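See structure below.
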Amino acid sequence: MADERFRRPAAHEDLLAALAAKDGPFAHMYEAMMFAAMLGMQRGQRTPFEKTEERINLSRVENRKFGDVLLALLAASDSPDDPEILSDDRLDDRIKIFEEYANTGLSYLQGELNASGGRDLTELVSGLVMEALTEPTNADKNLVSEILNAGDLAW
0 MADERFRRPA
10 AHEDLLAALA
20 AKDGPFAHMY
30 EAMMFAAMLG
40 MQRGQRTPFE
50 KTEERINLSR
60 VENRKFGDVL
70 LALLAASDSP
80 DDPEILSDDR
90 LDDRIKIFEE
100 YANTGLSYLQ
110 GELNASGGRD
120 LTELVSGLVM
130 EALTEPTNAD
140 KNLVSEILNA
150 GDLAW
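In structure tokens, the structure reads:
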């Protein structure tokens, strides 16, 4: 698994560099990708892409606290009728889901940045985090509870 890598969308390379710059909100590009993937999932859309930049070693995400869980949750929520999505031989599918949600999230961030006339990225990301913490986009839908209930799991 150490050789597994995920792609960075070339269309968002400048944004990723800014997000992970010295004065950016993230220390590393993979952290920005993780945030963007969750933002993309929140938007409810996966955006495929072909053109990529240098790949990032997947172990960087998996070594983050709950990084491996992030990939599993994205895949499980994206494919609720496919429990095999979590099997070891479907890692490539989980990576693709992560990449495509991240691409959507990066597109959304770029759109917000463009609409704001160049607002500070840290301020933009902080605002999105606060918005997510204070006002769920869909109060009727608690994704974690749905996953636990679907699998007849207890917390």
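In numbering that gives the first Met the number 0, the protein residues as written are 0 to 154. Note that the Cβ used here is the ideal one computed from N, Cα and C, for glycine as well. On a predicted model such as this, the values are computed, not experimentally measured, just so you know.
Q | Nearest to A131 (by Cα), restricted to the options M37, R45 and P8 | A | The alpha carbon of A131 has as its nearest neighbour, out of M37, R45 and P8, the alpha carbon of M37.
Q: Tell me whether S106 is buried or exposed, calling it buried when 16 or more other Cβ atoms sit within 10 Å of its Cβ.
A: The C-beta of S106 has 16 or more other C-beta atoms within 10 Å across all chains shown, which makes the residue buried.
Q. Taking C-beta to C-beta, are L57 and A74 nearer than 8 Å?
A. The answer is no: Cβ separation not under 8 Å.
Q. Mapping DSSP to helix, strand and coil, what is T51?
A. Strand at T51.
Q.
For D119 and M33, what's the separation of their Cα atoms in angstroms?
A. If you take the alpha carbons of D119 and M33, they lie about 20 Å apart.
Q | Residues of its chain near M0, where Cβ-Cβ distance is below 6 Å and the 5 sequence neighbours each way are ignored | A | No answer about M0 holds up, because its pLDDT of 45 lies below 50 and its placement is not dependable.
Q.
Taking only three categories from DSSP, how would you classify R6?
A. DSSP, read as helix, strand or coil, puts R6 in strand.
Q. Whose C-alpha, out of D88, D80 and M40, is nearest the C-alpha of L69?
A. Per the C-alpha coordinates, the member of D88, D80 and M40 positioned closest to L69 is M40.
Q. Mind checking E99: buried by the 16 CB within 10 Å criterion, or exposed?
A. Classification for E99: buried.
**Q.** For N102, the three-state DSSP class (helix, strand or coil)
**A.** Correct three-state label for N102: helix.
Q.
Just to confirm the assignment: which complete alpha helix (DSSP H) runs, minimum length 4, are found wholly within the segment 13-69?
A. Those alpha helix (DSSP H) runs which fall completely within the segment 13-69 and span 4+ residues are 28-42 and 57-61.
Q.
So for G110, helix, strand or coil by DSSP?
A. Looking at G110 - three-state DSSP - the assignment turns out to be helix.
Q. Do you know how far the Cα of Q109 is from the Cα of L14?
A. Distance between the alpha carbons of L14 and Q109 is about 7 Å.
Q: Might you give, ordered along the chain, the residues of its own chain that have their beta carbon closer than 6 Å to the beta carbon of R54, omitting 5 neighbours on each side?
A: These residues qualify, in order along the chain: R4 and R6.
Q) Using the rule of at least 16 other Cβ atoms within 10 Å of the residue's Cβ for burial, across every protein chain shown, is D77 buried or exposed? A) In summary, D77 is buried, with 16 or more beta-carbon neighbours lying within 10 Å of its beta-carbon over all protein chains present.
Q. Thinking C-alpha only, which one of G117, I94 and N113 is nearest Y29?
A. Closest by alpha carbon: I94.
**Q.** Residues near F25 by beta carbon distance below 6 Å, same chain, minus five either side
**A.** Here the set comprises L18, A19 and A31.
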